[in-house]
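Undergrad: Heads up: the sequence lines are chains A and B, in that order.
Under our numbering, the letters of the first sequence match residues 41 to 319, in that order.
Under our numbering, the letters of the second sequence match residues 450 to 770, in that order.
Shown below is the structure under consideration.
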Amino acid sequence: MKDNIRTFKKELFSNKAAMFSLILLFILITAVLLAPLSPYDPYKLDAGQKLLGISGEHWFGTDEYGRDYFTRALYGGRVSLLVGFLSMLMTVAIGTVIGVFSGYAGGRLDTFLMSFTDIFLALPSMLLMVILNAFLQPGLKTLVVVLSLFSWASVARITRAETMSLKERDFIVASRNLGASNIRIIFVHIIPNILGPIIVAATLSVANAILMESSLSFLGLGVQIPLASWGSMLQGAQAYILNYPYLAVFPGLMILITVLSFNLLGDVLRNVLEPKIVK
Amino acid sequence: MWKYWCKKIIRLIIVMALISFLSFAVIYFAPGDISSMYITADMSDEQKENILAELGLDKSMPEQYMAWAARAMRGDLGVSLSNKASVWPQIVSRLPATILLMGCSMILSLTLAIPLGLWSGYKKHTWIDNIISSVAYIGMSIPAFWFGMLLIILFSAVLRLLPSSGMHSVGAESAFDTFQHIIMPCITLSIGNVAVYIRYIRSSTIVQLSEEYVLTAEAKGTPKIIILFRHVLKNTLLPIITLMGMNLASLVCGSFIVESVFGWPGIGTFAMGAIGSRDYPVIMAYVMFSGLLLVLGNFAADILYTLVDPRIKRGGTLDEG
């Protein structure tokens, strides 16, 4: 195990794309966490300062209410990243539990759970998310729940397949014969051994969640004012797009950088953690 | 074989039923009373009851759902609550705009992705492959609506070349005018799919090029371009068909967002308005329409796949395990 971790670290740190995305994410997360250090209030309106454009004082300019856009983008990033991480946690938790139990139990339970999963995979998720968000109380909690509700199915598929190939292996059979309970086998032997694919799926699901959140918030169905995310900032920017294009450029750029980094990282992790796949 | 198709059809019906029931339930249980949009305080109780009965809102949720489903099966999608007109013709009149946009996007995606994917796979790990792959990567990670906004900034605000919204200029009905209007929405809708297709075709090309038949063709002196476009492409097209079927979802949902960015007068814009006014017959009609398109697309991809690749037939139990 220790050796595995060492080779893993070595491969990860020698990969340029991985280092690039890790550094970007590190900078981004630090900046977002340090947002309160900004001298500007992200919520206070100031009519005298509105739509100022880019300057040394206001790096991203100011918005239509005179708020410093850079500060707004940092606070927006907190919301976007929070939604991304929380829904990733929920997605992975639901998907792993259903996938592992389904694969481990086999038989009827497996057939039932997988039919259920397949149906969820076939649902037009974005569409149902739009409707759910429009009719439920929109906001951060709804977003996280709805996003994970429509994302767990692919994680379940992956973890099930991994569990199936693992459960007949000698060490699992041996520990079952030694009297280990099913729960113990699942949590001590199976889940730790399929962590690789789970981590890959988790990384990609953060990217996916942030992208989805931005679309929903852009449609006005995500986080509600005064809270802002990158997506909802873009919604606000839409009205000013012809005259003040910088309002539309910056939040989108942040989304792109974040999602790109998570996608890159996920791909690299897949190559490192799942060496079976030959590129 | 029969069993395989029966299973597929049963799954199709379950998915449609589930989509409709889920959306119906969400709309029904949503906070805020639908009827409050149609009842004012100065109405008498009798008037209120009449309105509720007229809208069918006086029954329980399962009853309402069953009534809606029975009517929908006969092709009656009800009456829009906000303008009291039948939903069906309103959807049909907006459908061509959406279909046009999706169709153009599908064509654009394939004509871009096939040559780029093949080229990038053929030139694996060279600078040209690196550029194409990076662009595909960005295409995969970019929010489509933001890309659309960037296009508007560049082509409408800075260069003043293309109109930023709508489908026709006022008074203009020419095909060229529509063409000008569709360029940006079409590119925006395609970017995600192009990226996915390129990545797929690239890796499939790499696998195919290492096959022995390529070596044979090379030994016979077949030009590279023929090998790529005739032999490799033929073997890559199969998975692309499935991919297209699966990607219909992103096309349907994507068009919903793209229509709202560009004010494209399709069913997505129509549905967005309906969501705002809680016009549930219209929303349900939209969801069912998109759901059906999607599910049928998957189904058609399955059929095509079986037709093109007879090996599938032997595997009647393919979707088990």
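We put the beta carbon where it would ideally sit given N, CA and C, even for glycine.
Buried or exposed: residue 665 of chain B, going by 16 or more other Cβ atoms within 10 Å of its Cβ?
TA: Mapped onto the second sequence, residue 665 of chain B falls at position 216. Looking at its Cβ environment, which holds fewer than 16 other Cβ atoms inside 10 Å, residue 665 of chain B is exposed.
Undergrad: Any C-beta of chain B within less than 9 Å: which residues of the segment 62 to 85 of chain A qualify?
TA: Going along the segment 62 to 85 of chain A in chain order, one finds no residue with a Cβ nearer than 9 Å to chain B.
Undergrad: Measure the CB-CB distance between residue 637 of chain B and residue 596 of chain B and report whether it falls below 8 Å.
TA: Position 188 of the second sequence, counted from the first residue, corresponds to residue 637 of chain B. Position 147 of the second sequence, counted from the first residue, corresponds to residue 596 of chain B. Closer than 8 Å, so yes.
Undergrad: Let's see if you can read the secondary structure: which residues bound the alpha helix (DSSP H) around residue 105 of chain A?
TA: To locate residue 105 of chain A, count along the first sequence from 1; it is residue 65. First-last for residue 105 of chain A: undefined, no H or E at that position.
Undergrad: If we ignore side chains and look at the alpha-carbon of each, how far apart do residue 54 of chain A and residue 179 of chain A end up?
TA: Reading the first sequence from its first residue, position 14 is the one you call residue 54 of chain A. Reading the first sequence from its first residue, position 139 is the one you call residue 179 of chain A. The alpha-carbon atoms of residue 54 of chain A and residue 179 of chain A are separated by roughly 41 Å.
Undergrad: Less than 7 Å between C-beta atoms, sequence neighbours within five positions excluded: which residues of the same chain meet that for residue 715 of chain B?
TA: On the second sequence, residue 715 of chain B is found 266 positions in, with the first residue counted as 1. Answer for residue 715 of chain B: 543, 546, 547, 550, 704 and 708, listed in chain order.
Undergrad: Since residue 145 of chain A meets chain B, which of its residues come closer than 8 Å, beta carbon to beta carbon?
TA: As a working note, residue 145 of chain A is residue 105 in the first sequence. By Cβ distance, chain B contributes nothing, its closest Cβ being about 15 Å from residue 145 of chain A, past 8 Å.
Undergrad: Taking C-alpha atoms, which residue in B/733, B/743 and B/654 lies nearest to residue 175 of chain A?
TA: Numbered from its first residue, the first sequence carries residue 175 of chain A at position 135. Residue 175 of chain A has its Cα closest to that of B/733, out of B/733, B/743 and B/654.
Undergrad: What is the residue span of the alpha helix (DSSP H) that residue 170 of chain A lies within?
TA: As a position in the first sequence, residue 170 of chain A is number 130, starting the count at 1. Note, residue 170 of chain A: alpha helix (DSSP H), 165 to 175.
Undergrad: Measure from the C-beta of residue 245 of chain A to each C-beta in chain B and report whether the shortest distance is under 8 Å.
TA: The residue labelled residue 245 of chain A in the question sits at position 205 within the first sequence. It does not; no Cβ of chain B falls within 8 Å.
Undergrad: Does residue 535 of chain B come out as helix, strand or coil in the three-state DSSP assignment?
TA: If you number the second sequence from 1, residue 535 of chain B lands on position 86. Note: residue 535 of chain B maps to strand in three-state DSSP.
Undergrad: Can you give me the start and stop residues for the alpha helix (DSSP H) that residue 230 of chain A sits inside?
TA: Counted from its first residue, the first sequence places residue 230 of chain A at position 190. Run containing residue 230 of chain A: none; DSSP gives neither H nor E here.
Undergrad: Residue 517 of chain B lies in the alpha helix (DSSP H); which residues open and close that run?
TA: The sequence position of residue 517 of chain B within the second sequence is 68, counting from 1. Looking at the DSSP string, the run of the alpha helix (DSSP H) that includes residue 517 of chain B is 510 to 522.
Undergrad: Which term fits residue 764 of chain B, buried or exposed, when burial requires 16 or more other beta carbons within 10 angstroms of its beta carbon?
TA: Mapped onto the second sequence, residue 764 of chain B falls at position 315. Unreliable placement is indicated for residue 764 of chain B, whose pLDDT of 44 sits below 50; no coordinate value is reported for it.
Undergrad: Can you find a heavy atom of the ligand ADP that lies under 7 Å from the Cβ of residue 142 of chain A?
TA: As for the ligand ADP, it is missing from this structure, which has no ligand bound.
Undergrad: Leaving out the 5 sequence neighbours to the left and right, which residues in its chain are closer than 6 Å to residue 98 of chain A when beta-carbon positions are compared?
TA: Residue numbering aside, residue 98 of chain A sits at position 58 when the first sequence is read from its first letter. Closer than 6 Å at the Cβ level, and outside the excluded window around residue 98 of chain A, lie 92 and 108.
Undergrad: Identify which residue in B/738, B/745 and B/754 has its Cα closest to the Cα of residue 525 of chain B.
TA: Here residue 525 of chain B refers to the residue found at position 76 when the second sequence is read from its first residue. For residue 525 of chain B, the nearest C-alpha among the options comes from B/738.
Undergrad: Let me see if you follow: with CB-CB separation under 8 Å, is residue 706 of chain B close to chain A or not?
TA: Here the question's residue 706 of chain B lines up with position 257 in the second sequence. At least one chain A Cβ lies under 8 Å of residue 706 of chain B.
Undergrad: Express the C-alpha separation of residue 615 of chain B and residue 520 of chain B in angstroms, rounding to a whole number.
TA: If you number the second sequence from 1, residue 520 of chain B lands on position 71. If you number the second sequence from 1, residue 615 of chain B lands on position 166. C-alpha separation (whole angstroms): 34 Å.
Undergrad: Assign residue 210 of chain A to buried or exposed, taking buried as 16 or more other Cβ atoms, counted over all protein chains shown, within 10 Å of its Cβ.
TA: Walking along the first sequence from the start, residue 210 of chain A turns up at place 170. The residue is exposed, with fewer than 16 neighbouring Cβ atoms inside 10 Å.
Undergrad: How would you list, in chain order, the residues of chain A whose beta-carbon sits under 9 Å from the beta-carbon of residue 771 of chain B?
TA: Shown here, chain B extends from 450 to 770; a query on residue 771 of chain B therefore has no answer.
Undergrad: Using a C-beta to C-beta distance shorter than 9 Å, which residues of chain A count as neighbours of residue 455 of chain B?
TA: The residue labelled residue 455 of chain B in the question sits at position 6 within the second sequence. Here the premise fails: no neighbours, minimum Cβ distance about 14 Å.
Undergrad: Does the structure place the segment 243 to 250 of chain A close enough to the segment 121 to 131 of chain A that three or more beta carbon pairs sit under 8 Å?
TA: Touching, yes.
Undergrad: Mapping the DSSP letters down to three states, classify residue 53 of chain A as helix, strand or coil.
TA: Indexing the first sequence from 1 puts residue 53 of chain A at position 13. Of the three classes helix, strand and coil, the one that applies to residue 53 of chain A here is helix, per DSSP.
Undergrad: Who are the Cβ neighbours of residue 690 of chain B in its own chain at under 8 Å, not counting the five residues just before and after it?
TA: As a first step, residue 690 of chain B is located in the second sequence; it is residue number 241 there, counting from the start. For residue 690 of chain B, where only same-chain residues beyond five positions count, the Cβ hits under 8 Å are 750, 753, 754 and 757.
Undergrad: With a threshold of 16 other CB atoms inside 10 Å of the CB of residue 74 of chain A, please say whether the residue is buried or exposed.
TA: Within the first sequence, residue 74 of chain A is the residue found at index 34, counting from 1. Its Cβ having fewer than 16 others within 10 Å, residue 74 of chain A is exposed.
Undergrad: With a cut-off of 8 Å, do at least 3 Cβ pairs link the segment 213 to 225 of chain A to the segment 280 to 287 of chain A?
TA: No, the segment 213 to 225 of chain A does not touch the segment 280 to 287 of chain A.
Undergrad: So is residue 634 of chain B in contact with chain A if we call contact Cβ pairs under 8 Å?
TA: On the second sequence, position 185 is the one that residue 634 of chain B refers to. No - not a single Cβ of chain A is within 8 Å of the one on residue 634 of chain B.
Undergrad: Quick check on residue 263 of chain A: does DSSP put it in helix, strand or coil?
TA: If you number the first sequence from 1, residue 263 of chain A lands on position 223. Correct three-state label for residue 263 of chain A: coil.
Undergrad: Within the segment 558 to 633 of chain B, note down every full alpha helix (DSSP H) run reaching 4 residues or more, in order along the chain.
TA: With a minimum length of 4 residues, the continuous alpha helix (DSSP H) runs that stay inside the segment 558 to 633 of chain B are 576 to 590 and 593 to 600.
Undergrad: Hey, is residue 544 of chain B's beta-carbon within less than 8 Å of any beta-carbon in chain A?
TA: In the second sequence, the residue the question calls residue 544 of chain B occupies position 95. Output row for residue 544 of chain B: interface = no.
Undergrad: Can you find a CB in chain B that lies within less than 8 Å of the CB of residue 51 of chain A?
TA: Taking the first sequence and counting its residues from 1, the one referred to as residue 51 of chain A is at position 11. No - not a single Cβ of chain B is within 8 Å of the one on residue 51 of chain A.
Undergrad: Can you pull the chain B residues whose beta carbon is under 7 Å from the beta carbon of residue 299 of chain A, in chain order?
TA: The residue you call residue 299 of chain A lines up with position 259 of the first sequence. Under the 7 Å cutoff, chain B gives 590.
Undergrad: So the candidates are A/310, A/60, A/235 and A/213; which of them puts its Cα closest to the Cα of residue 14 of chain A?
TA: Not covered by the structure: residue 14 of chain A. The range shown for chain A is 41 to 319.
Undergrad: Of all Cβ atoms in chain A, is any one closer than 8 Å to the Cβ of residue 555 of chain B?
TA: The residue given as residue 555 of chain B occupies position 106 in the second sequence. Taking Cβ atoms only, chain A never reaches closer than 8 Å to residue 555 of chain B, which makes this a no.
Undergrad: Starting from residue 736 of chain B, find everything on chain A with Cβ-Cβ shorter than 7 Å and list it in chain order.
TA: Along the second sequence, one-based indexing puts residue 736 of chain B at 287. Ordered by position in chain A, the residues that pass the 7 Å Cβ test against residue 736 of chain B are 167 and 171.
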